[in-house]
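See structure below.
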Amino acid sequence: MVPGSYYTGLSAVLFAIGAVGVIVRRDPLVIFMSIEVMLNAANLALVAFGAQFGNAEGQVLVFFVMTVAAAEVAVGLAIIVAIFRLRRRLSVDDLSAMRW
Amino acid sequence: MQVAVFALAALIGVGSALGLVLRRNPVHGALFLVVNLGSVAVLYLTLGAQFLAAAQVIVYAGAIMVLFVFAIMMLIPGKEETGPDPRRLVRLLAIPLGVLLLLEVLLIVAARPAHPGGRARAAVGVQAIGRLLFTDYLFPFELTSVLLLAALVGVLALAKRGAGGGAAAGAPRGRIGEALDAAGPGAAGGSSGPAAAARSAARPATPAPGPGTVKG
Chain A
15 MVPGSYYTGL SAVLFAIGAV GVIVRRDPLV IFMSIEVMLN AANLALVAFG AQFGNAEGQV
75 LVFFVMTVAA AEVAVGLAII VAIFRLRRRL SVDDLSAMRW
Chain B
-18 MQVAVFALAA LIGVGSALGL VLRRNPVHGA LFLVVNLGSV AVLYLTLGAQ FLAAAQVIVY
42 AGAIMVLFVF AIMMLIPGKE ETGPDPRRLV RLLAIPLGVL LLLEVLLIVA ARPAHPGGRA
102 RAAVGVQAIG RLLFTDYLFP FELTSVLLLA ALVGVLALAK RGAGGGAAAG APRGRIGEAL
162 DAAGPGAAGG SSGPAAAARS AARPATPAPG PGTVKG
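First to last, the sequence lines map onto chains A and B. According to the working numbering, the first sequence is numbered sequentially starting from 15. According to the working numbering, the second sequence is numbered sequentially starting from -18.
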């Protein structure tokens, strides 16, 4: 049996890697993918806690997180494509203002 | 056995996440992300969450990654991160920040004593999840469908507006208002084009009976 703290530790490592990716990268697509890594880390912690306590609510929460992540990715990619059509280049440094 | 599976999946997961962050090519990043999602699915399996492992593969590695790869292929990225970075110093600060975050979370994990009753590891089946979803969590479940519908409509609206801006290529693109104004007549002209043509075709036709009736 693997102790539950191993899973939470691994989830912390994945979350930190995703956070560094969000800060370091300039390509909004890669930033999005790093956000997915962070979401997965949180999901892993939720499932680990649910298994530790022997109830299903953690898994139900992960189910909702997955749905919200799917909606978020669809809308985010549509926004990125719209920005790319408007500006012809793609870098988060250009998007520091909330208008263009 | 279980420890070995956990160690292998954890290694692959951390390695692929590092690959996603460190590789410059976004296509490689997408492939690394697929590997990462697969390893997390394996971890779900070791935790006894079969439903989530299947959903992870279908929803994430299937649907969401297709979206990502599609967007990557459409936007032809890889040119943006090759130039000199004007904010290199700020970005290098991310690494100590990440280490700090990691230490913080690990401290919290280590400081928490393990749940005393947590060793039982009662397996949670799909049946229990389904029952919870359709009893206690029925309202959030229905809200989720509304959310998905809203996302669908929003994405369609965004894509339509983007197509209008792309059609009016010669328009000035200073502000979104101008882009919208440029897209408005273009879209209106596109939609009313056949109607206007029909009207102009009908205009000679309507006076024609006039003289005809006068003549008659």
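The C-beta atom is built at its ideal place from N, Cα and C for all residues, glycine as well.
Cβ of residue i within 8 Å of any chain B Cβ
i	result
L58(A)	yes
L104(A)	yes
S19(A)	yes
L30(A)	As written in the sequence, residue 30(A) is Ala, which differs from the Leu given in the question. For A30(A), the answer is yes, since a Cβ of chain B falls inside 8 Å of its Cβ.
A111(A)	no
I94(A)	yes
I45(A)	no
V79(A)	no
Chain-ordered neighbours of residue i on chain B, where CB pairs are closer than 8 Å
i	result
S48(A)	L1 and V2
Residue-chain proximity (residue i, chain A), Cβ-Cβ < 8 Å
i	result
L78(B)	yes
L26(B)	no
I(-7)(B)	no
V134(B)	no
F120(B)	no
A92(B)	no
R68(B)	yes
E48(B)	One point to set straight first is that residue 48(B) is Leu, not Glu, in the sequence displayed. Closer than 8 Å: yes.
L(-11)(B)	no
V105(B)	yes
A75(B)	yes
A52(B)	yes
T125(B)	yes
V23(B)	no
A35(B)	no
Residue i - DSSP class collapsed to helix/strand/coil
i	result
R99(A)	helix
R72(B)	helix
L43(A)	helix
P121(B)	helix
N69(A)	coil
M80(A)	helix
F(-13)(B)	helix
M257(B)	Residue 257(B) lies beyond the residue range present for chain B, which begins at -18 and ends at 197; the question has no answer from this structure.
R93(B)	coil
V38(A)	helix
G29(B)	coil
N14(A)	There is simply no residue 14(A) to check, as chain A begins at 15 and stops at 114 in what is shown.
P67(B)	coil
V105(B)	coil
G155(B)	Caution is warranted here: a pLDDT of 43 is assigned to G155(B), below 50, making its placement in the model unreliable, and no coordinate value can be reported.
M15(A)	coil
A111(A)	coil
L104(A)	coil
Chain A contact residues for residue i, given Cβ-Cβ distances below 7 Å
i	result
V15(B)	Chain A residues near V15(B): none, gap ~10 Å exceeds 7 Å.
A11(B)	M47
M55(B)	V95
G29(B)	A65
Closer than 7 Å: residue i CB and nearest the ligand ATP heavy atom
i	result
V136(B)	Among the components modelled here there is no ligand, and therefore nothing to report on the ligand ATP.
Contacts that residue i makes with chain B (C-beta to C-beta distance below 7 Å)
i	result
A84(A)	V40, A44 and I45
Chain-ordered chain A contacts of residue i [CB-CB under 9 Å]
i	result
A140(B)	A92, V95 and A96
F32(B)	Q73 and F77
R72(B)	I37, V38, R39 and R40
TODO: At 4 residues or longer, and completely inside the segment -9 to 43 of chain B: list those alpha helix (DSSP H) runs for me, N to C.
DONE: 7 to 27 and 31 to 36
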